[in-house]
Amino acid sequence: MAVLKKVKGGWRSWSASRRPEGVVGDDFALEAEIFVKRRLLHGQRAYLRAMTMVRGTEEPPNDPIFIIGCPRSGTTLLFRLLSRHESLGSVRGEGHIFWNTYQHPRRYGWTSDRATEADIKPGESRYIYSAIRETTGGGRFLEKTPRNCLRIPYLAALFPNARFVLLKRSGLDTVSSLIEGWRVRHGISYRLPEPLALDEYQGNFWSYLLPPGWRDVAHTSIAEVAALQYVSSYETALNDLALLNEERVTELSFEELLAQPVLNSERLLDALELEPSASVTAMATNLTAHPVQTNSPPRPDKWRERASEIAPVLDRIAPTMERLGYDVPVRL
């Protein structure tokens, strides 16, 4: 172990020496961890494909629930809250094992995570329905994958009776959290075929959702990337959700959820036609004691620590914030 630590330390030092000061990259340990996770995911997909051949189904799950929201908007906390409900079934974490099996961006020239009904492949619905049945253990399917902000037409076609919960969050907090996540190499989603040359990061690993137009910001800053992710996530989701029947869509802000967790969780269960749940209420009663995937301790107005980074992109995120119902400060 001591030798391994020395090797890792030497690799980090050598890698850092090849980059400009203040620019982060990806060390050997991180690349090895990603490699192992990808191999495990490929193994799971191979198993699910085999099960689809043996006992596949053409029947979609009944009335599934999809939590929709930009990465770092609080979707994990809402997912964990709702997953306490006794009648819901879900996989741990996000559903990449379902969606990226057929909709990986490499299939589309690395354009983005966008998917519509026209992108559904032969056999895809059978695989997804069967994989959900195999992995969730029954119950009404609950799912949370932020990249699905760009896939609502695709999901609506696969699941005609699906319900969507749009979780909104202020662009100041969300962009701040995205910047922090990028800096600490959190939420890595893809190894890109071409390197990024951001002011603060150099490497081939993308974090979080891959929005249309990402190549336009591949040589700018992490703040520019985060702003594009926020705007693309919510603008696309709002436009696509507006095309669905109103009863299929429920909106909630992260700020409302934190301010009145019990009241808003009860309202949400009612909107989703779920019975009251003592388990959900118990967690909601002490919701702030359940921070998830925080890169640093949560604090009110934590975004102010990154105000100087957010200020240059405020004009880009302001229209989306206003559309979501948030006030935009004149200056930061």
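Letter by letter, the sequence shown follows residues 41 to 372 in the working numbering. Ideal Cβ positions, reconstructed from N, Cα and C, are used throughout, including at glycine.
- Non-local beta-carbon contacts of L327 in its own chain, meaning distances under 6 Å to residues more than five positions away in sequence, involve P301 in chain order.
- N201 counts as exposed, since fewer than 16 other C-beta atoms from the protein chains shown sit within 10 angstroms of its C-beta.
- Between E183 and G135, the gap from beta carbon to beta carbon is short of 7 Å.
- A distance of 7 Å or more separates the beta carbons of G243 and G179.
- Excluding sequence positions up to five before and after T141, its CB lies within less than 7 Å of the CB of R85 and Y167, all in the same chain and listed in chain order.
- Taking each of I160, A329, T156 and L298 in turn and checking the Cα distance to I192, the smallest one comes out for T156.
- Residue state for P235 is assigned as strand, using DSSP reduced to three classes.
- Residue environment: G221 is assigned as buried (16 or more neighbouring CB atoms within 10 Å of its CB, all protein chains considered).
- G211 counts as buried, since at least 16 other C-beta atoms from the protein chains shown sit within 10 angstroms of its C-beta.
- Taking C-alpha positions only, F138 is separated from V370 by approximately 42 Å.
- CA-to-CA, the gap between A351 and L372 works out to about 6 Å.
- Contact annotation, F106 with F204: C-beta distance approximately 5 Å; criterion of less than 8 Å satisfied.
- In the DSSP assignment, F119 falls outside any beta strand (DSSP E) and within the unbroken alpha helix (DSSP H) covering T115 to L122.
- For the pair L122 and V332, the CB atoms are not nearer than the 7 Å cut-off.
- Under the 10 Å beta carbon count, K208 is surrounded by 16 or more other beta carbons and is classified as buried.
- Annotation: F199 to P101 spans about 7 Å, alpha carbon to alpha carbon.
- Under DSSP, E345 shares a beta bridge with no residue.
- In this structure, T214 sits near S113, with a CB-CB distance shorter than 7 Å.
- In the DSSP assignment, N244 falls within the beta strand (DSSP E) that extends over Q242 to S247.
- One alpha carbon belongs to L284, the other to L354, and they sit about 30 Å apart.
- If only complete runs of 4 or more residues are kept, the segment 270-331 shows the alpha helix (DSSP H) at 294-299, 301-311 and 318-325, in order along the chain.
- For V205, the enclosing beta strand (DSSP E) starts and ends at R203 to K208.
- Going by DSSP, R363 is part of the alpha helix (DSSP H) stretching over L354 to R363.
- Spanning the alpha carbons of A263 and P340 requires a straight line of approximately 20 Å.
- A residue is called buried once 16 or more other Cβ atoms fall within 10 Å of its Cβ, and E349 is buried on that count.
- In this structure, I172 is the residue among I172, G65 and Y230 with its C-alpha nearest to the C-alpha of M91.
- The beta-carbon separation of A267 and L236, rounded to 16 Å, does not stay under the 8 Å limit for a contact.
- E296 and R307 have their alpha carbons spaced roughly 12 Å apart.
- Setting aside the 5 residues that flank it on each side, W343 is surrounded in the same chain by L212, D213, S216 and I350, each with a C-beta closer than 7 Å to its C-beta; the list follows chain order.
- DSSP places G221 in the helix class (H, G or I) of the three-state scheme.
- Judged by their CB atoms, P111 and L206 are not nearer to each other than the 7 Å cut-off.
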